[in-house]
Structures are given as C-alpha cells and as structure tokens.
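What follows is a short report on a single structure.
Protein chains: 2
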Amino acid sequence: MKVHPQEIEARFRRHAVRVTRQRAAIYAALTETTSHPTAEDLYRTVKRQQPLMSRNTVYYTLGVLRQAGLVREVNVGHHVARFDGNVTAHHHLICLGCSRIMDVMDDGLNQLALSHRQARGFQVLGHRVEFHGYCAECQHAQENVMKRRE
Amino acid sequence: MKVHPQEIEARFRRHAVRVTRQRAAIYAALTETTSHPTAEDLYRTVKRQQPLMSRNTVYYTLGVLRQAGLVREVNVGHHVARFDGNVTAHHHLICLGCSRIMDVMDDGLNQLALSHRQARGFQVLGHRVEFHGYCAECQHAQENVMKRRE
DNA sequence: TTTCAAGTCAGGAATGATTCCTACATAGCA
DNA sequence: TGCTATGTAGGAATCATTCCTGACTTGAAA
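Protein chains in written order, with the numbering used here: chain A, 1 to 150; chain B, 1 to 150.
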C-alpha cells in the first residue's frame, strides 16, 4: 500500500536508517506493490523517476533496509532474491506456474512451535511457511491447453 | 543413510531415470549425508571417485533427479541451491550462524492446511516450513564471544 | 549557516553459481 | 551386436550479486 513520504522518513529515522532520495524511492516502490519484486524489477521501476540510479545502489539499499528490518527477503526456489515491504508476520503461496508470490495472513500459522525434543538445542527465532501449487490463472491456462488438445 | 547400489538402480528405473555411473555416484553421495550439500559440494565429493566428472554433469543430473522426484532442492536465503536426498515429508531448521540445515519430522507440520477463503483459488500441492534461529554450537560460540568481552 | 566526517552513491570490474553449446560416449532397446 | 536417443565433459556464456574506488550527501556540531 502507498506510504506517505513523511511516513517513510519517519520509519527510516525510527530504524536509524539515513534518509536519502534513492532509499525513499526504493522503499516506496517496494511498499506500493504486493508483487514481491526482484532487485532488478525495483531498479527498473525506480530508474524511471531517477535515471541516474545504479543497480548497485538498489542492492546496497535493500541490504540496509533488510538489516534494519524494514524489508524482508523472500527466497523461493528460483535462485533470484525477491523482496517484500510487508514485515508483519505472514506467509506465502507460491505459484509453480508463473512464480507469483501471494501473501497469506493466518494466526494459526504464526503460532507454530516445535517440541523441545525436536528443537534439539536449536534456538528458534522465527519461521516461515510456503505453500506451493498453482494460482487460479495458471490452472485456467492449463485447462485451456487440455481443451485445445482434445 | 547408505543406499545399496542395486537399490539406487531400482529407484532410478522405477522413476524412469537412465542409470549411469555418474548419476549413481551423485545420488549415493546425496543420500549418504544429512548435510544438504550444494551442487559444488557434491561435485567435489564425487570427483574423488570419478576424476573426470564435470560440474555440468552434477547440475544436469540434479535437475534430472529433481524432476523425477528423487531429490529435493532446498532454498534458504543464501542464494545457493542446496539439495536433499530425503524426499519424505519433512521440514527444516536453518541456522542463521553457520547456515547448517537440520531436518524436522513432525506430523502436525505435515498437515497444515489453508482455509478456502485464504487459498483464493490457489491449488495447493504441498508446503514447507522453515524455522530460523541458532543451532546449539552457534549459541555456545556466541556465549564465548560475550565472555571474552567481559 | 557553514563545515566536516561518516556514510552513501554511481559506475565499472570481479565473482560465483548456474546454464548453454557442442562433439564425443554410452545406455538400453531391437 | 548395432542403432539411436540421451547423457557426459569441457569450455564459453550468462545472470545475479558483490567488490572497489573515487566523488557526493547527509546530518550533526560549531
């Protein structure tokens, strides 16, 4: 969702992240979409407003924002990192057809825990659940392929 | 765990995978360890027995085995694919310190499901749960660092 | 408001994992 | 045993990401 410039600045300061035009633009682009873009996607989006923007700055900034906890990195099978401006507890549906990533909010999933025995001394700080399958569109596309074959 | 050569051959045939020395060696190496090695790790291991083995063959073979369902690819934050010869339902504990990946078997976790509303037309085929935190060794290492600072 | 140092940025080069290309070799069927 | 689709080796190419360096800003202090 759209976050106002002042709010972006406030969040940066709250997380001790220096405020720059580049960072604000990257963070704004990331929070305005729910599509979990790649660094390259963000680079292309932001470059439209700031043609001097370098890929390097995008990577560097994403690293800074991630360390500050303002951004989450999502890694799902395709060896390209994808980013998420939503850092509240949530999980993902991943389409094996089109690689789309959709958010799932579910309190039950947030509260999964391991028994002491299973944790084997591991100190668990958090967890993620990924559901894999096919989105509605990819299912329809598949059905159409089948029909055409008949 | 160690899988006998005949059993490897049988599994390959059952999954319509051609049997070659290279493939058997790669699959054997992967099933003998619980360390979730990278393609590079496997390449180095197998090259000891078969010095002509090429990295390419390792990647190609892992692709074949994965498609056949004999191997699982695990992707966890570090942008390097890691592989798992255990394809039964299980989940992972991931150490943020040493990147170690440990298996978790838990029926409760295997049975997670989404409500119809949350699935939003998504056809779910499977899911994975990753727990992130610090393994026992990394916790101790951290404590020692703290002590030294005192 | 000016000054200054720490922290950022741009651009290009470097790295590392993975994939592509191609000629040769082999598995598995007839 | 011979044929043919498929697999293998090795090197080149690609792609995401990181490193390096010098110039530029930000933010805090004077």
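Just so it is clear, CB atoms sit at the ideal spot from N, CA and C, and this is done for glycine as well.
If you're wondering where the values come from, they're calculated on a predicted model, not measured in any experiment.
Span of the beta strand (DSSP E) around residue i
i         : result
Phe131(A) : Gln123 to Tyr134
Arg72(B)  : Arg72 to Val74
Arg18(B)  : Neither: Arg18(B) is in no beta strand (DSSP E) and is coded neither H nor E.
Arg82(A)  : Arg82 to Asp84
Val87(A)  : Neither: Val87(A) is in no beta strand (DSSP E) and is coded neither H nor E.
Met102(A) : Ile101 to Val104
Amino acids of chain A, ordered along the chain, whose beta-carbon sits closer than 9 angstroms to that of residue i
i         : result
Ala136(B) : Arg120, Gly121, Phe122 and Gln123
Neighbour list for residue i in chain B, Cβ cutoff strictly below 9 angstroms
i        : result
Asp84(A) : Within 9 angstroms Cβ-Cβ: nothing; Asp84(A) doesn't reach chain B, min ~13 angstroms.
Val19(A) : Within chain B, no residue comes near Val19(A); the closest Cβ sits about 28 angstroms away, beyond 9 angstroms.
Leu30(A) : Neighbours of Leu30(A) on chain B: none; closest Cβ ~18 angstroms, over 9 angstroms.
Segment limits, alpha helix (DSSP H) that includes residue i
i         : result
Val58(A)  : Arg55 to Ala68
Val46(A)  : Ala39 to Gln49
Leu93(B)  : No alpha helix (DSSP H) holds Leu93(B); the beta strand (DSSP E) holding it covers His91 to Cys95.
Asp107(A) : Asp107 to Asn110
Arg11(A)  : Pro5 to Arg14
Cβ neighbour criterion (16 or more within 10 Å) applied to residue i
i         : result
Glu150(B) : In this prediction, Glu150(B) has a pLDDT of 44, which is less than 50 and means its spatial position is unreliable; what the coordinates show is noted afterwards. Glu150(B) comes out exposed.
Ala29(B)  : buried
Met53(B)  : buried
Arg23(B)  : buried
Ala136(A) : exposed
Val71(B)  : buried
Leu125(B) : exposed
His140(B) : exposed
Expected contact under 8 angstroms - CB spacing of residue i and residue j to nearest Å
i        : j         : result
Val74(A) : Arg82(A)  : 5 angstroms
Ile94(A) : Glu130(A) : 6 angstroms
Tyr27(B) : Gly85(B)  : 7 angstroms
His90(A) : Val80(A)  : With a Cβ gap of about 21 angstroms, His90(A) and Val80(A) do not count as contacting.
Contacts of residue i in chain A (Cβ-Cβ under 8 angstroms)
i         : result
Gln179(B) : Absent from the structure is residue 179(B), since the part of chain B shown begins at 1 and ends at 150.
Val71(B)  : Within chain A, no residue comes near Val71(B); the closest Cβ sits about 14 angstroms away, beyond 8 angstroms.
Contact list for residue i against chain B, beta-carbon separation under 8 angstroms
i         : result
Asp107(A) : Those do not exist, as Asp107(A) stays about 11 angstroms from chain B at its closest Cβ, beyond 8 angstroms.
Val46(A)  : Simply none; closest approach about 22 angstroms.
Contacts of residue i in chain A (Cβ-Cβ under 7 angstroms)
i         : result
Gly126(B) : His132
Val3(B)   : Result: empty, since nearest Cβ-Cβ is about 25 angstroms, beyond 7 angstroms.
Neighbour list for residue i in chain B, Cβ cutoff strictly below 7 angstroms
i        : result
Leu93(A) : Phe122
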